[in-house]
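Number of protein chains: 2
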Amino acid sequence: MHTSTALLTDHYELTMVDAALQAGTADRASVFELFARRLSGARRYGVVAGTGRLLEAIENFRFGDAELDYLRAHRVVGDRTLDWLADYRFSGDIWGYAEGDVYFPGSPLITVESSFAEGVLLETLALSILNYDSAVATAASRMSHAAAGKPLAEMGSRRTSEYSAVAAARAAYIAGFSATSNLEAGRSYGIPTMGTAAHSFTLLHDSERAAFEAQVAALGADTTLLVDTYDIEQGVRTAIEVAGTGLGAVRIDSGDLPVVVARVRQLLDDLGATRTRITVTNDLDEHTVAVLAASPVDSFGVGTSVVVGSGTPTMGMVYKLVAHQNDSGAWVSVAKKSADKVSVGGRKSVRRSFNPRGVATAELIFLGDGPGGEPEGTERRPGHGDHHREVLVPLVTGGAVEPGHTGTEGIAAARERHRRRVAELPAVAMSLTRGDPAIPTEYR
Amino acid sequence: MHTSTALLTDHYELTMVDAALQAGTADRASVFELFARRLSGARRYGVVAGTGRLLEAIENFRFGDAELDYLRAHRVVGDRTLDWLADYRFSGDIWGYAEGDVYFPGSPLITVESSFAEGVLLETLALSILNYDSAVATAASRMSHAAAGKPLAEMGSRRTSEYSAVAAARAAYIAGFSATSNLEAGRSYGIPTMGTAAHSFTLLHDSERAAFEAQVAALGADTTLLVDTYDIEQGVRTAIEVAGTGLGAVRIDSGDLPVVVARVRQLLDDLGATRTRITVTNDLDEHTVAVLAASPVDSFGVGTSVVVGSGTPTMGMVYKLVAHQNDSGAWVSVAKKSADKVSVGGRKSVRRSFNPRGVATAELIFLGDGPGGEPEGTERRPGHGDHHREVLVPLVTGGAVEPGHTGTEGIAAARERHRRRVAELPAVAMSLTRGDPAIPTEYR
Numbered sequence: 030m031h032t033s034t035a036l037l038t039d040h041y042e043l044t045m046v047d048a049a050l051q052a053g054t055a056d057r058a059s060v061f062e063l064f065a066r067r068l069s070g071a072r073r074y075g076v077v078a079g080t081g082r083l084l085e086a087i088e089n090f091r092f093g094d095a096e097l098d099y100l101r102a103h104r105v106v107g108d109r110t111l112d113w114l115a116d117y118r119f120s121g122d123i124w125g126y127a128e129g130d131v132y133f134p135g136s137p138l139i140t141v142e143s144s145f146a147e148g149v150l151l152e153t154l155a156l157s158i159l160n161y162d163s164a165v166a167t168a169a170s171r172m173s174h175a176a177a178g179k180p181l182a183e184m185g186s187r188r189t190s191e192y193s194a195v196a197a198a199r200a201a202y203i204a205g206f207s208a209t210s211n212l213e214a215g216r217s218y219g220i221p222t223m224g225t226a227a228h229s230f231t232l233l234h235d236s237e238r239a240a241f242e243a244q245v246a247a248l249g250a251d252t253t254l255l256v257d258t259y260d261i262e263q264g265v266r267t268a269i270e271v272a273g274t275g276l277g278a279v280r281i282d283s284g285d286l287p288v289v290v291a292r293v294r295q296l297l298d299d300l301g302a303t304r305t306r307i308t309v310t311n312d313l314d315e316h317t318v319a320v321l322a323a324s325p326v327d328s329f330g331v332g333t334s335v336v337v338g339s340g341t342p343t344m345g346m347v348y349k350l351v352a353h354q355n356d357s358g359a360w361v362s363v364a365k366k367s368a369d370k371v372s373v374g375g376r377k378s379v380r381r382s383f384n385p386r387g388v389a390t391a392e393l394i395f396l397g398d399g400p401g402g403e404p405e406g407t408e409r410r411p412g413h414g415d416h417h418r419e420v421l422v423p424l425v426t427g428g429a430v431e432p433g434h435t436g437t438e439g440i441a442a443a444r445e446r447h448r449r450r451v452a453e454l455p456a457v458a459m460s461l462t463r464g465d466p467a468i469p470t471e472y473r
Numbered sequence: 030m031h032t033s034t035a036l037l038t039d040h041y042e043l044t045m046v047d048a049a050l051q052a053g054t055a056d057r058a059s060v061f062e063l064f065a066r067r068l069s070g071a072r073r074y075g076v077v078a079g080t081g082r083l084l085e086a087i088e089n090f091r092f093g094d095a096e097l098d099y100l101r102a103h104r105v106v107g108d109r110t111l112d113w114l115a116d117y118r119f120s121g122d123i124w125g126y127a128e129g130d131v132y133f134p135g136s137p138l139i140t141v142e143s144s145f146a147e148g149v150l151l152e153t154l155a156l157s158i159l160n161y162d163s164a165v166a167t168a169a170s171r172m173s174h175a176a177a178g179k180p181l182a183e184m185g186s187r188r189t190s191e192y193s194a195v196a197a198a199r200a201a202y203i204a205g206f207s208a209t210s211n212l213e214a215g216r217s218y219g220i221p222t223m224g225t226a227a228h229s230f231t232l233l234h235d236s237e238r239a240a241f242e243a244q245v246a247a248l249g250a251d252t253t254l255l256v257d258t259y260d261i262e263q264g265v266r267t268a269i270e271v272a273g274t275g276l277g278a279v280r281i282d283s284g285d286l287p288v289v290v291a292r293v294r295q296l297l298d299d300l301g302a303t304r305t306r307i308t309v310t311n312d313l314d315e316h317t318v319a320v321l322a323a324s325p326v327d328s329f330g331v332g333t334s335v336v337v338g339s340g341t342p343t344m345g346m347v348y349k350l351v352a353h354q355n356d357s358g359a360w361v362s363v364a365k366k367s368a369d370k371v372s373v374g375g376r377k378s379v380r381r382s383f384n385p386r387g388v389a390t391a392e393l394i395f396l397g398d399g400p401g402g403e404p405e406g407t408e409r410r411p412g413h414g415d416h417h418r419e420v421l422v423p424l425v426t427g428g429a430v431e432p433g434h435t436g437t438e439g440i441a442a443a444r445e446r447h448r449r450r451v452a453e454l455p456a457v458a459m460s461l462t463r464g465d466p467a468i469p470t471e472y473r
């Protein structure tokens, strides 16, 4: 793996820089905006995730000798552009939705203000990270609500590519999951990791009892024993015989879970293991989690569905030039004019409005405005008991990443922000059916 | 990014090693099998991809100080296991389907024979890579057929996470795409890259004409001009005025493509640009590519749909212990017994059978057998004009990766193998509807 992120981008970003440098337009001050025209999957709200990863990736967006050699050998750009790229580092401003916040159609999630050339280079990388991470976080947020307070662990590493798995663990944690199976996510992001044994461990041993004895000897009686390799009822009995009534938990990975779980709870109680927990892990998604939340399940492990966004593996975000200066220094708002892909040009600021009970009522997008002059969280009271909150926050200023958005500090802040922001949404936001956004986007 | 791939795995793989080392069962000779119970998305055939990446990742699967420090600090395993991990390198045998081949339900795509501990550690990594890469390749293969010989470029980097994008470009290339927009895929895997300009480049300039002039000055008249930022017909006229009738291509990224493409072809011809090609890139998938293949389109750029597997972002493959030796050295076939997740225990070999016309008729899985003693491609003629071919190939022998499967050599071989193997399938394999596998899997 290369440390530089500079080639995690599309060929045409570099040819555009090449042509703009020759034309003398590369230095025009420009504003790019990353947004989604709609909520993919007819979700009721989106969850912003990946912002901290993007800021870290921008810090490593450098063209070193290895990158320049490749571009030179394959004649992607000319010598003048190679020289320019060698000196590249993003020196502009970025503001946007803070990670963990919710978003709606048209929300300007990331706004990049810089020269055209500096900003256009970040297009592919920004979209890759935000589109994937937000798809996972949006699905995970629905699951977190469906679980009704019972803990969820992300266990989907095997069902997405090996580095997506690490990003997915991070996004799910921000959206309310409490742990992951992925060790690299533990190392890179400080997320709690968990796991005990698979069916192969039971099958390796000469009997289920021998496998349970081996696991309890190594991991203690507080471990989680997987009881469904052969017969679940017998598995539970053997588990308690081996570990005693202090067994931490049993895991069930197959069968008709609502029925099986009720039987296992009864059996555990009958055996005196009243504090042994039940965790389930069988191809769960937000719908099955919602059904099981009312059963005597204690925790959930979610795999495939969370890492592939539960039917919506990407959020359809785009990155568009919305304004630039012309040669006389005047700002020009721009937007593509085709009938089926409408964009709204110009700089924007955003306020979320709330009713007197503190429930969000609309996402207000103000056109022709810079970012809010007031910090995130500034509240205004326009009368009638309603109030507004500024949504956009500075992320990069003069090329320097603002503190608090990256690393484990950023993840913790995003997780807490997500919890608070989702709680402000109207009840319809929690519907698991497809439908309209929970609050309207209004342009002012 | 860390060079080691050893933490791209699930916590429980390590706790299983920890417990098995304590129990004295870690060294039992074992056979693990990676397979899919069904073809996700009701595809007619699957395409094996990621094998070369997996072999490269196994070579970097080492626990260095950084990995061991993390595991120690978080008490994932005990000291004895840390010492064992420090010396870990896979020393067993791996055989399987060669990359680019097609597969069916139950096909043993990867078989790992080693000690339990050595083999179990590779579970998550193997599944991550094969599940994602094969999902992309399977979708890309359908698109390649739908394009009826017209070239396809993979342009979906922005719609999947930044490293998945690189893997997706590789998988799509193996399945018949001819290029990618992703520069890292160009550098890492030698795949041809392409791209010229986005709408932002047109919008940056004071007029569409000025943008086209800038692009032609930098990239030459043989470039591809994006003509749909404002009005397509006017865009085409301006493009030919600026570049001349030697313009390489026009790109169309919006509108009702079959109608628009026919009009643009007529207009180009009327303007004398009879050799200027038309490329289209508007949210295409295998279905829209099939519709457009009969129109005067010259090439396709496919984005979102290919990198997310066109509705099937993961192939549902699993990695199961199918056999192990007991303490007396006898081999024991094992399989989970639950009703809804049937596995077939034991070692397997595979032959694909063909009718006298060379059309594949069945995937024959022989139980209780080792890998085929004959090399891939060995043909047998059991009579009646039918014949068989051995499917499995050695991938790792005694810990050493077999030549020909990794790097650019492996990719080229996989791309050629894919072309030949798909051509042997019966016509129903090319149906884009959901349905049964193109040939049955038969256990012998």
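Read top to bottom, the protein sequences are chains A and B. Going by our numbering, the first residue of the first sequence is number 30, and it counts up by one from there. Going by our numbering, the first residue of the second sequence is number 30, and it counts up by one from there. Where is the CB? At the ideal position from N, CA and C, for every residue including glycine.
Drop a sphere of 10 angstroms on the beta-carbon of residue i, count the other beta-carbons inside from all chains shown, and report buried for 16 or more, exposed for fewer.
i	result
B/E142	buried
A/G7	Nothing can be reported for residue 7 of chain A: it is not among the residues displayed for chain A, which extend from 30 to 473.
A/Y348	buried
A/G332	buried
A/A177	exposed
B/P385	exposed
A/V422	buried
B/E128	buried
A/Y472	exposed
A/Q244	buried
B/D235	exposed
Does the CB of residue i have a neighbour CB from chain B at under 9 Å?
i	result
A/F64	no
A/E128	no
A/A246	yes
A/E403	Below a pLDDT of 50, predicted positions are generally treated as unreliable, and A/E403, at 48, falls in that range; no measurement from the model is reported.
Kindly give me the distance between the Cβ atoms of residue i and residue j, rounded to whole angstroms, as I take these residues to be in contact under 8 Å.
i	j	result
A/A35	A/E96	5 Å
B/M346	B/L156	6 Å
A/V77	A/L138	6 Å
B/V289	B/V279	So it is not a contact: roughly 11 Å between Cβ atoms.
Would you say residue i lies against chain A (beta-carbon separation less than 9 Å)?
i	result
B/G224	yes
B/E471	no
B/D251	no
B/F395	no
B/M459	no
B/Q488	The displayed coordinates of chain B run from 30 to 473. Any statement about residue 488 of chain B would go beyond what the structure contains.
B/G345	yes
B/F230	yes
B/E147	no
B/V331	no
Where do the N-terminal and C-terminal ends of the beta strand (DSSP E) with residue i fall, by residue?
i	result
B/R294	Element bounds for B/R294: not the beta strand (DSSP E) but the alpha helix (DSSP H), 286 to 299.
A/L396	389 to 396
B/E128	Segment: none, B/E128 is in no beta strand (DSSP E) and carries neither H nor E.
Reducing DSSP to helix, strand and coil, say where residue i ends up.
i	result
A/T317	helix
A/S59	strand
B/A250	coil
B/D98	helix
B/G401	Summary for B/G401: the model assigns pLDDT 45, below 50, so the residue's position carries little reliability, and this model does not support an answer.
B/T167	helix
A/T382	For the record, residue 382 of chain A in the displayed sequence is Ser; it is not Thr. Reduced to three states, the DSSP call for A/S382 is strand.
How is the alpha helix (DSSP H) around residue i delimited, first residue to last?
i	result
B/H103	Run containing B/H103: none; DSSP gives neither H nor E here.
A/L181	Unbroken run through A/L181 is the beta strand (DSSP E), 181 to 183; no alpha helix (DSSP H).
A/F145	145 to 149
A/F90	Counting along the chain, A/F90 falls outside any alpha helix (DSSP H), and DSSP gives it neither H nor E.
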